[in-house]
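Here the sequence shown stands for residues 1 to 220, where the numbers follow UniProt numbering.
Yeah, the Cβ is synthetic: ideal placement off N, Cα and C, and Gly gets one too.
As the structure is a prediction and not an experimental result, all values here were calculated from the model.
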Amino acid sequence: MKILIVIPTYNEEKILKDNILKLFDYCQKNLTDDWKIVIADNKSSDKTPVIGKSLASQFSKINYLYVNRQGKGVAIKTAWQKYEVDIYCFMDADLAADLSALLPLIQGIKVGNDVIAGSRFHPQSQVKRSILRLIFSHGYRLALRILLGLKLSDAPCGFKAINNKVKESVLNQVQDESWFFDSELVILAEKKRYKLKEIPVNWHDPRGKGDRSKVKVLAL
1 MKILIVIPTY NEEKILKDNI LKLFDYCQKN LTDDWKIVIA DNKSSDKTPV IGKSLASQFS
61 KINYLYVNRQ GKGVAIKTAW QKYEVDIYCF MDADLAADLS ALLPLIQGIK VGNDVIAGSR
121 FHPQSQVKRS ILRLIFSHGY RLALRILLGL KLSDAPCGFK AINNKVKESV LNQVQDESWF
181 FDSELVILAE KKRYKLKEIP VNWHDPRGKG DRSKVKVLAL
């Protein structure tokens, strides 16, 4: 199977090299399939493009993709549309979800699920977050459940995988190009009756208040 792992980035010069190499090392040691990492850059104005291109020139399994519009959603969507693979993944550049969940993420698609989503509300998840973010997350989750009837417990969690069927039938219908992309993707997939499953994640917010990725408007 071919696996694509997309990392949406915007002005990530402080963390990009270390985190991409950490992900690269994990994939080399744990994935037996044909895999590729894509750095999807949202018009960064710092040294992110230089770092991304340098990594891509050193490792054939790392690609750098410049996306001429800002927004986490458009970065992921552009990268997913560019490649033809069996499993499409994405995760946030800060690696807030521990990489130990990557194998279950991929395996979940292999065994027949259409969408696998990390959930910080899964009973087996271990989460380290500020009280404010926990309140926002709970409120957002409740709103999606009441207003849209969404069954998934953690739609905005930046750790997901889909199969090629979902990519072909759902991705083009996703309108949001920013932080709501995650939620809209799973909302549409659920409405189309695709098989969705959540997995536990060990989650921590590694950045301070002033150091969150600008790819997202709000870190839910």
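Length of the line joining the Cα atoms of residue i and residue j
| i | j | result |
| --- | --- | --- |
| Trp80 | Leu132 | 32 Å |
| Asn42 | Asp18 | 19 Å |
| Val174 | Leu4 | 19 Å |
| Val201 | Gly108 | 14 Å |
| Gly210 | Ile15 | In this prediction, Gly210 has a pLDDT of 42, which is less than 50 and means its spatial position is unreliable; what the coordinates show is noted afterwards. Computed Cα separation, rounded: 14 Å. |
| Pro123 | Lys77 | 30 Å |
| Leu150 | Trp179 | 17 Å |
| Ile146 | Ser119 | 18 Å |
| Leu102 | Ile116 | 10 Å |
| Asp205 | Asn172 | 30 Å |
| Tyr83 | Leu152 | 27 Å |
| Pro156 | Asp25 | 26 Å |
| Asn163 | Ile20 | 23 Å |
| Pro8 | Lys47 | 15 Å |
| Gln70 | Val166 | 24 Å |
Environment of residue i [buried if 16+ CB atoms lie within 10 Å]
| i | result |
| --- | --- |
| Val186 | buried |
| Lys72 | buried |
| Lys216 | Low confidence applies to Lys216: its pLDDT is 46, below 50, so where it sits in the model is not reliable enough to give any reading. |
| Asn63 | buried |
| Asn30 | exposed |
| Leu218 | Caution is warranted here: a pLDDT of 46 is assigned to Leu218, below 50, making its placement in the model unreliable, and no coordinate value can be reported. |
| Leu142 | exposed |
| Ser60 | exposed |
| Glu168 | exposed |
DSSP bridge partner residues for residue i (one or two, in chain order)
| i | result |
| --- | --- |
| Thr9 | Asp41 |
| Lys2 | Asp34 |
| Leu196 | Val115 |
| His204 | Lys128 |
| Ala97 | Trp203 |
For residue j and residue i, believed in contact at Cβ under 8 Å, the rounded distance
| i | j | result |
| --- | --- | --- |
| Gly52 | Ile37 | Incorrect: roughly 10 Å between the Cβ atoms, too far for contact. |
| Asn11 | Ser45 | 6 Å |
| Asp92 | Gly158 | 4 Å |
Quiz item: What alpha helix (DSSP H) runs, 4 residues minimum, are completely inside the segment 57-95?
Solution: If we require 4 residues or more, the alpha helix (DSSP H) runs fully inside the segment 57-95 come out as 72-82.
Self-check item: Unbroken stretches of the alpha helix (DSSP H), 4 residues or longer, contained in the segment 143-190
Solution: 164-169
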